[in-house]
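Presented below is the structure to which this report refers.
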Amino acid sequence: MIAALAFYVFAAILIGSAAMVVSARNPVHSVLFLILAFFNAAALFLLAGAEFLAMILVIVYVGAVAVLFLFVVMMLDVDFAALRGGFQRYLPVGLMVGLVLLIELGLVLSGWKFLPEAASIRFAPGVSNVSNTAQLGRLIYTDYVFLFQSAGLVLLVAMIGAIVLTLRDKGDSRRQVIARQIARDPNHTMVMMNLASHVGTKDLGYLRPTETEPEEAGDMPEQDHHEHAAQDVARGGHH
Amino acid sequence: MAAFFHTSFGILILTVLQALAIIVPVLLGMAYLTLAERKVLAAIQLRKGPNMVGPFGLFQPFADAIKMLMKETIIPSGANRVLFLLAPMLTFGLAVIAWAVIPVNDGWGIADINVGILYLFAISSLGVYGIIIAGWASNSKYAFFGALRSAAQMVSYEVSIGFVMVTVLICVGSLNLNDVVLAQRTVWFCVPLFPMFIIFFISGLAETNRSPFDLAEGESEIVAGFMVEYSAMTFALFFLGEYTNMILMSAMTTILFLGGWLPPFDIAPFNWIPGPLWFVAKIMFCLFVFIWVRGTFPRFRYDQLMRLGWKVFLPFSLIWLVLTAGVLVFMGWLPHVV
Amino acid sequence: MTNWTTMNWTLAIPEIVLSCFAMAILVFGALWKRESFRMCSMMAVGALLVTAMLVVSNSSGIGYRGLFTNDSFSGFIKLLVLVSSALGIIVSLDYAEHENLRRFEFPVLIMLCTVGMMIMASASNLMTLYLGLELQSLAIYVLAAFARDQLRSSEAGLKYFVLGALASGLLLYGISLIYGFSGSMAFDRLATALSDPTKASPGLIVGIVFVIAGLAFKISAVPFHMWTPDVYEGAPTPVTSFMGTAPKVAAMALLVRAMATPFGHLLPQWQQLIVLVSIASMLLGSLAAIGQTNIKRLMAYSSIGHMGYTLIGLAAGTAVGIRGVLIYLVTYVFMNAGTFACIIAMRRRGRMLEKVSDLSGLAKTDPGLAAALMIFMFSMAGIPPFTGFWGKYFIFTAAVQSGLWTLAVIGVLTSVIGAYYYLRIIKVMYFDEAHEAFDPRPGSLTFVGGVSAIFTTVFFLFPAPLVGAAEAAARVLFG
Chain A
1 MIAALAFYVF AAILIGSAAM VVSARNPVHS VLFLILAFFN AAALFLLAGA EFLAMILVIV
61 YVGAVAVLFL FVVMMLDVDF AALRGGFQRY LPVGLMVGLV LLIELGLVLS GWKFLPEAAS
121 IRFAPGVSNV SNTAQLGRLI YTDYVFLFQS AGLVLLVAMI GAIVLTLRDK GDSRRQVIAR
181 QIARDPNHTM VMMNLASHVG TKDLGYLRPT ETEPEEAGDM PEQDHHEHAA QDVARGGHH
Chain B
1001 MAAFFHTSFG ILILTVLQAL AIIVPVLLGM AYLTLAERKV LAAIQLRKGP NMVGPFGLFQ
1061 PFADAIKMLM KETIIPSGAN RVLFLLAPML TFGLAVIAWA VIPVNDGWGI ADINVGILYL
1121 FAISSLGVYG IIIAGWASNS KYAFFGALRS AAQMVSYEVS IGFVMVTVLI CVGSLNLNDV
1181 VLAQRTVWFC VPLFPMFIIF FISGLAETNR SPFDLAEGES EIVAGFMVEY SAMTFALFFL
1241 GEYTNMILMS AMTTILFLGG WLPPFDIAPF NWIPGPLWFV AKIMFCLFVF IWVRGTFPRF
1301 RYDQLMRLGW KVFLPFSLIW LVLTAGVLVF MGWLPHVV
Chain C
2001 MTNWTTMNWT LAIPEIVLSC FAMAILVFGA LWKRESFRMC SMMAVGALLV TAMLVVSNSS
2061 GIGYRGLFTN DSFSGFIKLL VLVSSALGII VSLDYAEHEN LRRFEFPVLI MLCTVGMMIM
2121 ASASNLMTLY LGLELQSLAI YVLAAFARDQ LRSSEAGLKY FVLGALASGL LLYGISLIYG
2181 FSGSMAFDRL ATALSDPTKA SPGLIVGIVF VIAGLAFKIS AVPFHMWTPD VYEGAPTPVT
2241 SFMGTAPKVA AMALLVRAMA TPFGHLLPQW QQLIVLVSIA SMLLGSLAAI GQTNIKRLMA
2301 YSSIGHMGYT LIGLAAGTAV GIRGVLIYLV TYVFMNAGTF ACIIAMRRRG RMLEKVSDLS
2361 GLAKTDPGLA AALMIFMFSM AGIPPFTGFW GKYFIFTAAV QSGLWTLAVI GVLTSVIGAY
2421 YYLRIIKVMY FDEAHEAFDP RPGSLTFVGG VSAIFTTVFF LFPAPLVGAA EAAARVLFG
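Residue numbers (our numbering), protein chains in the order written: chain A, 1 to 239; chain B, 1001 to 1338; chain C, 2001 to 2479.
Put into structure tokens, the structure is as follows:
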């Protein structure tokens, strides 16, 4: 009884929040309702005994996909008034297509009969006493290994595509090379000198690192020839 | 009496009691963690820390709580009221419900579910919502910057946390947290999986937005980040959430790597101490390290943070995962579970 | 636990090898600091050739628990796809140098796309079908937007992506209906379940309609053709060339296999649909192309028309019809690759030209190029003895044998209309005022254009091997 009640509660919230996704005025609210919808879908999975799917749904869709989605929606200032204008304009056509599809579906489904056994295998499919996760793993890595690997290739292509289309190496960005920073010796950066008291350092000019490898010049843009000259003077003066 | 606890009403009462038995100590621990943090930091910086309210300042947390309760909750006029108030509740609520699956001793968890690790991972990946919603609903630049930083950071570090968890669970052969602890009876996972332990701990610092990865609230650059517009109880809820998350992260570290409630050696003086005490002691050790790190390291720069997450931790944890799987398969050590 | 021998995993060796090559080239390109586009492209062509050899030497059978099938049909399609991908890479070599698209990801994406198309050719389960299709499409979306600094290219990629996603949605919806009403996604089980066509439920038919709609989008058949002209025009020309050949072949093969194997017993149900789509495509392809001044748009409409002719063979629903489809696809690939090689050679002072009028007087400035383009145009118009004629010949014969007289007559009529704009290009090249000469064309384009032209011209002398192979491949589907 409780399970049935829970099912109807979750299903109702799911449908309600899905409706809110398309009807909310504020796009950020839409995304948040979408997240609520994901949660309720996960809860339905839980009720059906598919705990692994439920958790993965939350981790992947709510924890990662929707976060990025929310990011984009928050950052883009989408003009929803304009979009809604189009919505109003195409509403009749859209409604008509939807109605036709609905009638078709109704015709199709009217002739649909469930097998008597269907109800019993609906929940907790598969072998009992083997955990859901293990069952999925066994199927994915044996019978469906080909599909699994192909899906991996699809993701690889998506990744390459994202990088190809967006990564721009401007060439003038300065990169931190940690190894080089750590490998730097005090001798490269410091000049130890004894100064006579009451003389001051005014004549010596600014002191800068004495030795730098040529490729390191990019890392330390504050260095220029003028300062090198000052160093030379400083050294000469000291000798 | 026993029959009563099998009726649905009895189960409800029992669950509520169990939940209270977990939540109350966690909240108390959280309160004293704030004090402990101030004391430890003070010790590191050769100060005394709070010592006025009560003996050794022990009533300080309660004084703070009363102060927070008394203050006025200010909602900025441009803010989205509902979301603005929802965000801190979400943060705190998520930090608390994660405790439902934490086993304090063998079988002592409110919910002993088959996918405990995934549940924890799911809940911890949701933590970002509290921050991102807070940042957006505040309608303030600093808050939004903080939220963006934090969201990117948490999503990035979740990836390596995920790989670390997968490594642990292929060593265990189960997603149940009880099984994870029991699998460490011979040796704690922090020994064979030492690099993953380190990665997990550091990622945990980033995941909880703790120093040296506290860019989300970096008070010297973006005042207090996503929390800048919050005051009084709403602020307190964020604060509570952050500290509860720290304790949760420590509990996860303890369960995944430090053998949960198990004593270090199953011999005389050690196994006299009951399991829950070991569990708490290990959590306290982890929390101490959290604070120690805060007192010791300067804050990361944002690009360094991202570089560490994507270019160091992610490849490394991936390689280590494959390596672990390979070793387990070739040595025939793969746990066989039904 | 897993018994690898029952998986027959060696059947997919060409796909596995090609993916490994693609990933190796990807790693090489990413780590090699210097300019690596040309080297990666060469390696990619080598990998495609190695894969082709593996395809030839691979055995037939069913692998991966029925997800994957190797037979002479899939072998035929895979070879054709590999050859056209290789041609696509070669054609891009020079273009990429000029247009600043020298990026090693280009050949890698084409290779992964090819893997997707090979999976499509071998699909014997609706899930394999979908994954192969998605792998192929996703790579093409990226390739279409490859010139990311050009608005046109980005627009083409985005447009193709959005509409393609819609088509994938239709396809998936259809697949889910089919699965829901029949209880299986495996082709052989579907075929068994549907052996009595009277028992097919309306839901299943609706599912098949959605699957046909999704696949028709991929072969740009009317009424799912709207994206074609814009995407063809906006995408970088070598990508257009590639897009017009290999993916069309693979999607057509997928459509043929999906209609023939699991739904073969429902021929009367889907035949009507295919006939309608075919007629509409032929009409639109020949009529809409007449007003085009941009040669890439013209080729887009031309490809819609060609897909219409190809669908006639499928509508015939016999082994002879499928044989016609296969032969037509081969001739189409070479005509198309050759034509696009000629289009890419249209470059004056370093700038790409795309107008038909830019070709005027080409016969005087570059007789070789003009002759090649003339061959392709004659062939596309279906004038003997070029291959285009023979492709149409086999298709129309099959239609007549199956009693689809209307279709054959409309096909002939539209070819006559279509001949107008193909011949117009020849007229522009041979009888109009000469412009300034094109830039000297690189060897790679001469190679592709030359090979295609030779094939197109001399095919009628040695048709036996191709016809024989197509016959054997078609027998697999309609015994």
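Every residue, glycine too, gets a C-beta built ideally from N, C-alpha and C.
Any chain A beta carbon closer than 8 Å to residue i
i	result
I2077 (chain C)	no
M2043 (chain C)	no
Q1184 (chain B)	no
G2132 (chain C)	yes
L1175 (chain B)	yes
S2195 (chain C)	no
L2466 (chain C)	no
W1136 (chain B)	yes
S2074 (chain C)	no
L2067 (chain C)	yes
A2372 (chain C)	no
V1155 (chain B)	yes
Chain-ordered chain A contacts of residue i [CB-CB under 8 Å]
i	result
A2012 (chain C)	F146
T2128 (chain C)	F146, L147 and S150
I1132 (chain B)	V67, L70, F71 and M74
Any chain C beta carbon closer than 8 Å to residue i
i	result
I35 (chain A)	no
D143 (chain A)	yes
L139 (chain A)	no
Proximity of residue i and residue j at Cβ, strictly below 8 Å
i	j	result
I1161 (chain B)	S1203 (chain B)	yes
G2308 (chain C)	A2221 (chain C)	yes
A2381 (chain C)	L2326 (chain C)	no
V2108 (chain C)	P2238 (chain C)	no
S2036 (chain C)	G2029 (chain C)	yes
T1234 (chain B)	T1034 (chain B)	no
S2153 (chain C)	G2244 (chain C)	no
A2300 (chain C)	P2223 (chain C)	no
R2475 (chain C)	A2260 (chain C)	no
A1079 (chain B)	S1138 (chain B)	yes
F2251 (chain C)	L2215 (chain C)	Per the sequence shown, residue 2251 (chain C) should be read as Ala rather than Phe. Yes. Within cutoff.
Q1049 (chain B)	T1091 (chain B)	Checking the sequence, you will find Gly at residue 1049 (chain B) rather than Gln. Not closer than 8 Å, so no.
Q1304 (chain B)	Q181 (chain A)	no
Contacts that residue i makes with chain A (C-beta to C-beta distance below 7 Å)
i	result
I2119 (chain C)	S150
Y1119 (chain B)	M55
A1122 (chain B)	M55, V58, I59 and G63
Chain B contact for residue i (CB, 8 Å cutoff)
i	result
I163 (chain A)	no
L70 (chain A)	yes
A124 (chain A)	Model confidence at A124 (chain A) stands at a pLDDT of 48, short of 50, so the residue's coordinates are unreliable; what they give is reported in the following sentence. So no, A124 (chain A) is outside the interface.
H228 (chain A)	Its pLDDT being 45, under 50, H228 (chain A) is placed unreliably by the model, and nothing is read from it.
T133 (chain A)	yes
Bridge-paired residues (DSSP) for residue i
i	result
I2290 (chain C)	Answer is none; I2290 (chain C) lacks a bridge partner.
R2347 (chain C)	C:M2352
A2123 (chain C)	C:F2068
I2062 (chain C)	C:T2069
A2186 (chain C)	C:N2125
Chain-ordered chain C contacts of residue i [CB-CB under 8 Å]
i	result
A158 (chain A)	L2138
Proximal residues of chain A, C-beta to C-beta of residue i below 9 Å
i	result
N1114 (chain B)	E51, F52, S131, N132 and T133
E2105 (chain C)	I160, G161, I163 and V164
A1151 (chain B)	V67, L68, L70 and F71
Contact list for residue i against chain B, beta-carbon separation under 7 Å
i	result
V28 (chain A)	W1136
Please give the ranges of any alpha helix (DSSP H) in the segment 2205-2288 of chain C, keeping only runs that are unbroken, at least 4 residues long and fully inside the region. 2227-2234, 2237-2260 and 2267-2288
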